[in-house]
Amino acid sequence: MSLNTAFREAEDIKRLQKVIEKRVEEIGRPLRIMEFCGGHTHTIVKYGIDQLLEDYVIFVHGPGCPVCVLPISRVDLAIELARKDNVILCTYGDVLRVPGSQRKSLMDIRAEGRDVRMVYSCLDAIGIAQENPHKEVVFFAIGFETTTPQTAVLIKRAKELGLRNLSVVCNHVITPAAIQHILNAPELRDYGKVHIDAFIGPGHVSVIIGTRPYEYFAEEFLKPVVISGFEPFDVMQSVYMIARQIKERKAFVENQYKRAVSREGNIKAQRLVAGVFELRKEFEWRGLGKVPYSALKINSFYEDFDAEKRFEVRLPEAKEHPACICSKVIRGIARPTDCKLFGSVCTPSNPLGSCMVSSEGACNAYFKYRGALR
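First residue of the sequence shown: 999, per this note's numbering; consecutive thereafter.
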């Protein structure tokens, strides 16, 4: 039996289902739980956990998908850089398919003859820069705390090698700032809109940052936070831990994912990131608007590798597709199936919104596991 199989045993899931239902019945109302991470959204939808706990738990899909929260102006910026004659633009696969404001993606730009390359590791950009010394190689970096250390390694290595033709567009964002922004949002204060009882905290992010950063939210906003693994048993057990806290009128951080996550996190990775990046005063998130201190930029010691400074770029003004509701899905005030475009005009093969493009997006999960039915 593999490790994953042990976390998917039907009998164990059924036992958890019964104790969750009993605990929620004692509470007297369904629980509304936001799973921040797109990986958890896929687990919930793929294995039908939301259907299994129907009438007991309402899952509110959060903004924990880095491609989904990338603002359209940043996509336009990538396209603008890729169109420059001497530039090779590199990034991860999902980013290539996100449409910009003119409905064109980086894949479309590549089809027009521009040099846009998908990389599996950001360190691939070093080899590309070495092989093309007369070209400007730009790595379009994206991701939460999980992928930030790799970008830090890339920048440090480029400086050590003296690569003058390599630069980075930093779009790395920070999870705790987004959670605080959600908790401060008017939608949560206004009766009848969005109510969140608790959070299922991201697993991979927490491997890096630990559980300590979430303690403030639990204490200040009285919201339980349970850091969860990604198997069905993990999510079900996390829901039970949340229900237990709410029944006992408690709110604190619990770590269900102890096999991978500690309270302090990966100190070495944290120090690596702190040595290369610093906080931005604000950064725009798709769906959340401008969020204070929610993203990173390259610090002054490594600023020679900052593509935004090297190319003196300015973010273009950009508007979303008028019928796309990705911003509402990201905020948890709408579901993918609420969108008129879902499964008809907007599909994974022809995505109009970032939530359908990304392999971690909520719309992608609904389409992949439940088809085009609304």
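Even for Gly, the Cβ is constructed at its ideal location relative to N, Cα and C. What you are looking at is a predicted structure, and each value in this text was computed from that prediction instead of being measured.
Would the C-beta of residue i count as close to the ligand MG, meaning under 8 Å from any of its heavy atoms?
i            : result
residue 1366 : With respect to the ligand MG, the structure shown offers nothing to examine, as it has no ligands at all.
My guess is that residue i and residue j are in contact by the Cβ rule of under 8 Å, so how many angstroms apart are they, rounded?
i            : j            : result
residue 1254 : residue 1014 : Contact doesn't hold; Cβ gap of about 12 Å is too wide.
residue 1095 : residue 1103 : 5 Å
residue 1137 : residue 1123 : 4 Å
residue 1098 : residue 1126 : At roughly 23 Å, the Cβ-Cβ gap does not stay under 8 Å, so residue 1098 and residue 1126 are not in contact.
residue 1286 : residue 1242 : Going by Cβ atoms, the distance from residue 1286 to residue 1242 rounds to 30 Å, so no, they are not a contact pair.
residue 1238 : residue 1018 : 5 Å
residue 1284 : residue 1068 : 6 Å
residue 1271 : residue 1147 : 6 Å
residue 1082 : residue 1274 : About 25 Å; that fails the 8 Å criterion.
residue 1338 : residue 1321 : 6 Å
Can you tell me which of the options puts its alpha carbon nearest to the alpha carbon of residue i?
i            : options                   : result
residue 1248 : 1366, 1025 and 1010       : 1025
residue 1258 : 1206, 1283, 1240 and 1216 : 1206
residue 1007 : 1087, 1232, 1318 and 1324 : 1232
residue 1367 : 1345, 1161, 1288 and 1219 : 1345
residue 1352 : 1323, 1369 and 1336       : 1323
residue 1079 : 1312, 1046, 1339 and 1343 : 1312
residue 1262 : 1213, 1135 and 1299       : 1213
residue 1163 : 1133, 1152 and 1175       : 1133
residue 1360 : 1081, 1033 and 1011       : 1033
residue 1298 : 1315, 1157 and 1179       : 1157
residue 1089 : 1116, 1107 and 1362       : 1116
residue 1211 : 1165, 1245 and 1260       : 1260
residue 1143 : 1201, 1012 and 1027       : 1201
residue 1208 : 1217, 1181, 1180 and 1173 : 1173
residue 1028 : 1012, 1054 and 1021       : 1054
residue 1139 : 1128, 1131 and 1119       : 1119
residue 1317 : 1051, 1011 and 1073       : 1073
residue 1289 : 1216, 1306, 1183 and 1327 : 1183
residue 1277 : 1302, 1204, 1336 and 1175 : 1175
residue 1159 : 1135, 1128, 1177 and 1179 : 1128
residue 1107 : 1048, 1131 and 1077       : 1077
residue 1087 : 1110, 1114, 1052 and 1051 : 1114
residue 1165 : 1012, 1310 and 1341       : 1310
residue 1204 : 1240, 1251, 1220 and 1300 : 1251
residue 1181 : 1022, 1215 and 1362       : 1215
Mind checking who residue i pairs with in its DSSP beta bridge?
i            : result
residue 1199 : 1225
residue 1288 : 1282
residue 1105 : Answer is none; residue 1105 lacks a bridge partner.
residue 1139 : 1168
residue 1253 : 1225
residue 1056 : 1030
residue 1348 : 1345
residue 1062 : 1035
residue 1134 : 1085
State the start and end residues of the unbroken beta strand (DSSP E) segment that holds residue i.
i            : result
residue 1295 : 1294-1296
residue 1086 : 1085-1089
residue 1035 : 1029-1035
residue 1115 : 1113-1116
residue 1275 : 1275-1277
With residue i as the anchor, note down where its alpha helix (DSSP H) starts and where it stops.
i            : result
residue 1368 : 1360-1368
residue 1179 : 1173-1182
residue 1047 : 1047-1050
residue 1024 : 1008-1025
residue 1311 : Run containing residue 1311: none; DSSP gives neither H nor E here.
residue 1215 : 1213-1219
residue 1126 : 1122-1129
residue 987  : A question about residue 987 goes unanswered here, because the residues of the chain that appear run from 999 up to 1372.
residue 1325 : 1324-1329
residue 1069 : Here residue 1069 belongs to no alpha helix (DSSP H), and DSSP marks it neither H nor E.
residue 1301 : Counting along the chain, residue 1301 falls outside any alpha helix (DSSP H), and DSSP gives it neither H nor E.
residue 1161 : Taken as a continuous stretch (DSSP letters only), residue 1161 belongs to no alpha helix (DSSP H), as it is neither H nor E.
Determine, using beta carbons only, whether residue i comes closer than 9 Å to chain C.
i            : result
residue 1044 : Considering every chain present, this structure includes no chain C. It has just one protein chain.
Cβ pair count under 8 Å reaching 3, the segment 1026-1042 against the segment 1216-1228 = Touching, yes.
contact_flag[the segment 1056-1066, the segment 1354-1366] where n(CB pairs < 8 Å) is 3 or more | Between the segment 1056-1066 and the segment 1354-1366, the count of Cβ pairs shorter than 8 Å is three or higher; the stretches touch.
Counting pairs of Cβ atoms below 8 Å between the segment 1159-1173 and the segment 1288-1300, do you hit three or more?
-> Contact holds between the segment 1159-1173 and the segment 1288-1300, because three or more Cβ pairs, one in each stretch, are under 8 Å apart.
Counting Cβ pairs, one atom from each stretch, are 3 or more of them under 8 Å apart for the segment 1053-1060 and the segment 1262-1279?
-> No: fewer than three Cβ pairs fall under 8 Å.
Pair every Cβ in the segment 1192-1202 with every Cβ in the segment 1211-1225, then say whether three or more of these pairs are closer than 8 Å.
-> Because the criterion of three Cβ pairs below 8 Å is met, the segment 1192-1202 and the segment 1211-1225 touch.
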